[in-house]
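> Okay, handing you the structure first.
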Amino acid sequence: MSNMPLDPAAVALDPETQVDPVGTGAAKKARKKFVFVRNGKSMTGLVILVIFTILGIIGPWIAPQDPNASSLDLLVGPSSAHWLGTDQLGRDVFSQLLVGTRGVMLVGLIAGVVATLLAVLFGVTAGFLGGIGDETLSALANIVLVIPQIPLIIIIVSQLENAGNVVVALVLAFTGWAWGARVLRAQTLSLRGRDFIEAARASGESTWRIVWFETLPNLTAIIASSFVSTVTFAVLAQTTLSFVGVMSLTDWSWGTVLYWAQSNQALNQGAWWWFVPAGLLVAILGMSLTLINFGIDEFVNPRLRLAGMSAGQMRKHGIRPRIGFTAKVRDLPRTYAHPTPVLAQQAAATSTPEPKEAVR
Amino acid sequence: MKFLLRRIGFYALTFWAAVTINFFIPRLMKGDPVQSLINRYQGQISTDAVHSLYVLFGLDKNQSLWDQYWQYWGQILHGDLGTSFTLFPTPVSEVIKTSLPWTIGLVGIATIIAVVLGSLVGVLIGWRRGTWADSILPVTTFFSSVPYFWLGLLFIALFAVTWPIFPGSGGATPGLEQGWNWDFIVSVVQHGFLPALTIVLSSIAGWILGMRNMMVTVASEDYVTVAQAKGLPERLVMFGYAARNAILPQVSGFALSLGFVVSGSLVMELVFSYPGIGYALFNAIGGHDYPLMQGIFLVITLSVLVANILADVVYVFLDPRTRQEA
Chain A
1 MSNMPLDPAA VALDPETQVD PVGTGAAKKA RKKFVFVRNG KSMTGLVILV IFTILGIIGP
61 WIAPQDPNAS SLDLLVGPSS AHWLGTDQLG RDVFSQLLVG TRGVMLVGLI AGVVATLLAV
121 LFGVTAGFLG GIGDETLSAL ANIVLVIPQI PLIIIIVSQL ENAGNVVVAL VLAFTGWAWG
181 ARVLRAQTLS LRGRDFIEAA RASGESTWRI VWFETLPNLT AIIASSFVST VTFAVLAQTT
241 LSFVGVMSLT DWSWGTVLYW AQSNQALNQG AWWWFVPAGL LVAILGMSLT LINFGIDEFV
301 NPRLRLAGMS AGQMRKHGIR PRIGFTAKVR DLPRTYAHPT PVLAQQAAAT STPEPKEAVR
Chain B
1001 MKFLLRRIGF YALTFWAAVT INFFIPRLMK GDPVQSLINR YQGQISTDAV HSLYVLFGLD
1061 KNQSLWDQYW QYWGQILHGD LGTSFTLFPT PVSEVIKTSL PWTIGLVGIA TIIAVVLGSL
1121 VGVLIGWRRG TWADSILPVT TFFSSVPYFW LGLLFIALFA VTWPIFPGSG GATPGLEQGW
1181 NWDFIVSVVQ HGFLPALTIV LSSIAGWILG MRNMMVTVAS EDYVTVAQAK GLPERLVMFG
1241 YAARNAILPQ VSGFALSLGF VVSGSLVMEL VFSYPGIGYA LFNAIGGHDY PLMQGIFLVI
1301 TLSVLVANIL ADVVYVFLDP RTRQEA
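Keeping their order, the protein sequence lines are chains A and B.
Under this note's numbering, the letters of the first sequence match residues 1 to 360, in that order.
Under this note's numbering, the letters of the second sequence match residues 1001 to 1326, in that order.
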């Protein structure tokens, strides 16, 4: 995952965010629930993602023309008849992109789901088993991690005759689960030693129940972020693979459009409408996924959230913004869960993060 | 010591896995490489030679898979990667030897630029959190979400076709004498500029973000507050106290990314027709050149392994805590 490796240290959850402190009121709970959605970054990302998903579903139906139908308008620029111009056979680029959205989203979804399932399976199992089982699974994940993905995928896919989207998605999933598994294992190990798990064990809960109802809910954020990273990677990889022409060219996808553009010298002919939109689409989709991941990161690691006031607000109050120092002004309408700041400070004092556990 | 032994065991295991995958790649594939070679030479190869070709490429049908496997190991350990199909009598190691320096030189320099620049920007953004500096992040994220080969295509269209400032393909002007002479170096730099720019732009966001997040985390540590309270100069606190501790993951990340120097920009080389490893790999795929594919894959895996070892060593040197755990 060259895109944005998830730093295990950054992911190390602060205990307060995951273990709901005992005695929180319903109001606080409701507020906590919406922290993620209220985050502007993740909201933007989610909206873009939803739009792309809808386009992926209805794209082939709303495409103005058949993407394979050639016309007499060869290589013309954007016009009212062809919104994004045509290619060298007079095919409508806009329709090709619309139809291709489904393939891209499908690969992202399948690869993301399968890889995340594998990551959870391997990571949580390794974290819970311990001993020789843990060693074996970790070694497996580390080997998959070290073996270079992209060249391997290119070699495998180029050897499969007419590899379709589903096959490529599965190849991506089976080579891309390892990082998520590693992060999940580390977090499972750290959770396993926590008091609430010990308590569950002492009260005689079965291992299955502990895994499903005590551990997995506390791993949600990491699982989600690993899913989003895998989807990002899969979208980029799918585009790359169809661009280099190792995938089947009968299915349309954004990379296929780029492939035809490159192999027909679109660049030298100045046919920018042919290759610029496809790349922009990948970039926008990738950015929306990254924004969602930012949101998850900030949700998981409160230190990344902007605490207190922004620098501009501080300056307004005549405070010099400095790092490592959070200004709190009483009469500012901050989101205190408690009626008075005094109480809030007490609550903060009781739930100050414990000294960081070493996450192996 | 135990830690060291475990790491060595892990690397040996990974090496074994890589070689084994490598061994099976051409054998699981459809199509007969020798047959395609014969087709390429269209009758110039006598039927007597066919069997010896199978033996030469280690695909002797009279041998069991197990024997072939052992033979393959023997070859690898002797540094013999076989003979290329497409460039027929040239050994694979020769092909790799000529293309590797191009890739390492270009991508290596681009990676170093991206890491240094990205970390510096990350320090500044992390330190000035909550100011306008935060808005740099989305911009760089956009560049990292762009498929980098597409960025390369765009640069070629702009700076090689529309305004021909830089050459759009190749590694150097053909016909120049390769070596340490001025004309050749200038030509290499000119040819490498656009590919390097592509790599730096598309990879810098990760470094900025990593550094920024570590800065934010470290900056709220007590020792930073104490340093501030002592009235030390801002710059000293920023670089000497906060950045110094925040840079640790960056350094090990850098060591790891060295492994991807060889493999990280395969498609970039295709776009720019840069005469490196990636270009060779795509040629090998196009020509069903299995020995070359295998050889390149092995070299790429080896470089990642070496980078991992390096990252381990660096980490132990930099972070005393890992030494105690070991």
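Glycine residues also receive a C-beta, built at the ideal position from the N, C-alpha and C atoms.
For clarity, every value in this text was computed on a predicted model and none was experimentally measured.
Measure the alpha-carbon distance for B:V1019 versus B:V1224 and round it to whole angstroms.
Roughly 48 Å between the two C-alpha positions.
> Which partner residues of B:P1091 appear in the DSSP bridge assignment?
According to DSSP, which records beta bridges pairwise, B:P1091 is partnered with B:T1083.
> Taking DSSP as the reference, what is the three-state secondary structure of A:T86?
The answer is strand: DSSP assigns A:T86 an E or B state.
> So B:G1192 is in the alpha helix (DSSP H); what residue range does that whole segment cover?
Where B:G1192 is concerned, the enclosing alpha helix (DSSP H) stretches over W1182 to A1219.
> Kindly indicate which three-state DSSP category A:D92 falls into: helix, strand or coil?
A:D92 falls in the strand class under three-state DSSP.
> Is the stretch 246-265 of chain A touching the stretch 91-104 of chain A in the sense that three or more CB pairs, one from each, lie closer than 8 Å?
Touching, yes.
> If contact is defined by three or more beta carbon pairs under 8 Å, each pair taking one atom from either stretch, is the stretch 1158-1165 of chain B in contact with the stretch 1138-1150 of chain B?
No contact exists between the stretch 1138-1150 of chain B and the stretch 1158-1165 of chain B.
> Give the interface partners of B:P1147 over in chain A, defined as CB-CB distance under 7 Å, in chain order.
Per Cβ cutoff of 7 Å: L236, T239, T240, G279 and V282.
> Throw me the rounded Cβ distance for the B:T1083 and B:V1092 pair, which I believe falls under 8 Å.
About 7 Å separates the two Cβ atoms, so the contact holds.
> What first and last residue would you give for the alpha helix (DSSP H) that runs through A:Q265?
Careful: A:Q265 lies outside any alpha helix (DSSP H) and carries neither H nor E.
> For B:S1220 and B:P1320, what's the separation of their Cα atoms in angstroms?
Going by the C-alpha atoms only, they are around 22 Å apart.
> Alpha carbons only, please: which of A:G130, A:A139, A:V282 and A:P78 is nearest the one belonging to A:T239?
For the residues A:G130, A:A139, A:V282 and A:P78, the minimum Cα distance to A:T239 belongs to A:V282.
> When you compare the CB of B:R1304 with every CB in chain A, is at least one pair closer than 8 Å?
Checking the sequence shown, residue 1304 of chain B turns out to be Val, not Arg. Answer yes: the Cβ-Cβ gap between B:V1304 and chain A drops below 8 Å somewhere.
> Does B:W1150 get closer than 8 Å to chain A when you measure Cβ to Cβ?
Yes, because at least one Cβ of chain A sits closer than 8 Å to the Cβ of B:W1150.
> Could you name the residues of the same chain whose beta carbon sits closer than 7 Å to that of B:L1318, not counting the 5 residues immediately before and after it, in chain order?
If we look at B:L1318 and ignore the five residues flanking it on each side, its Cβ neighbours are L1248 and V1251.
> Who are the neighbours of A:T290 on chain B, taking C-beta pairs under 8 Å?
Correct list: T1141, S1144 and S1145.
> Does the structure place the stretch 87-97 of chain A close enough to the stretch 188-208 of chain A that three or more beta carbon pairs sit under 8 Å?
The stretch 188-208 of chain A is not in contact with the stretch 87-97 of chain A.
> For the stretch 1152-1170 of chain B, which residues have a CB atom closer than 9 Å to at least one CB atom of chain A, in sequence order?
Answer set for the stretch 1152-1170 of chain B: L1153, L1154, I1156, A1157, A1160, V1161, T1162 and G1168.
> Using beta-carbon positions only, say whether A:L137 and A:A178 come within less than 8 Å of one another.
Result no, Cβ atoms of A:L137 and A:A178 do not sit closer than 8 Å.
> Kindly list, in the order they appear in chain B, the residues whose Cβ is closer than 8 Å to that of A:L304.
The answer, in chain order, is N1213, V1216 and T1217.
> What residue from B:V1306, B:F1297 and B:N1308 has the CA that sits closest to B:I1076's CA?
Among B:V1306, B:F1297 and B:N1308, the Cα nearest to that of B:I1076 is on B:F1297.
> Taking 8 Å as the threshold (C-beta atoms), are A:R182 and A:G112 in contact?
No; because the gap between Cβ atoms is not below 8 Å, this pair is not in contact.
> Can you pull the chain B neighbours of A:L267, defined as C-beta to C-beta under 7 Å?
Residues of chain B passing the Cβ test: L1153, I1156, A1157 and V1161.
> Could you have a look at B:H1288 and say whether DSSP puts it in helix, strand or coil?
Coil, per DSSP.
> DSSP state of A:V246, grouped into three classes?
Coil.
> Is the beta carbon of A:V246 closer than 8 Å to that of A:S402?
The structure shown has nothing for residue 402 of chain A, since chain A only spans 1 to 360.
> Does A:W272 get closer than 8 Å to chain E when you measure Cβ to Cβ?
Annotation note: the requested chain E is absent from the structure, which comprises protein chains A and B.
> Determine the chain B residues that contact A:L55 at a beta-carbon separation under 7 Å, and present them in chain order.
Result: empty, since nearest Cβ-Cβ is about 17 Å, beyond 7 Å.
> Should B:G1287 and B:W1207 be called a contact, given that it needs their Cβ atoms to be closer than 8 Å?
The answer is no: Cβ separation not under 8 Å.
> With a 10 Å radius around its C-beta and 16 neighbouring C-beta atoms as the bar for buried, classify A:T24 as buried or exposed.
Because A:T24 sits at a pLDDT of 45, beneath the cut-off of 50, its placement in the model cannot be relied upon, and the point is left open.
> Taking the C-alpha atoms as reference points, what is the distance between B:G1158 and A:D73?
The amino acid occupying residue 1158 of chain B in the given sequence is Leu; Gly does not appear at that position. Near 25 Å, if we compare the C-alpha coordinates of A:D73 and B:L1158.
> Can you grab the Cα-Cα spacing for the pair B:G1124 / A:V76, in whole Å?
The question names Gly, yet the displayed sequence has Leu at residue 1124 of chain B. Straight-line Cα distance between these residues: approximately 47 Å.
> Could you tell me the boundaries of the alpha helix (DSSP H) in which A:K135 lies?
Strictly speaking, residue 135 of chain A in this sequence is Glu, with Lys absent from that position. Segment G131 to V146, the alpha helix (DSSP H) holding A:E135.
> Helix, strand or coil for B:Y1274 per DSSP?
Coil at B:Y1274, not helix or strand.
> Between the stretch 1184-1198 of chain B and the stretch 1226-1237 of chain B, do at least 3 Cβ pairs fall closer than 8 Å?
Contact fails: fewer than three Cβ-Cβ distances are below 8 Å.
> For A:L289, which option in A:T220, A:M105, A:L89 and A:P64 has the closest C-alpha, if you only look at C-alpha atoms?
The candidate whose alpha carbon is nearest that of A:L289 is A:M105.
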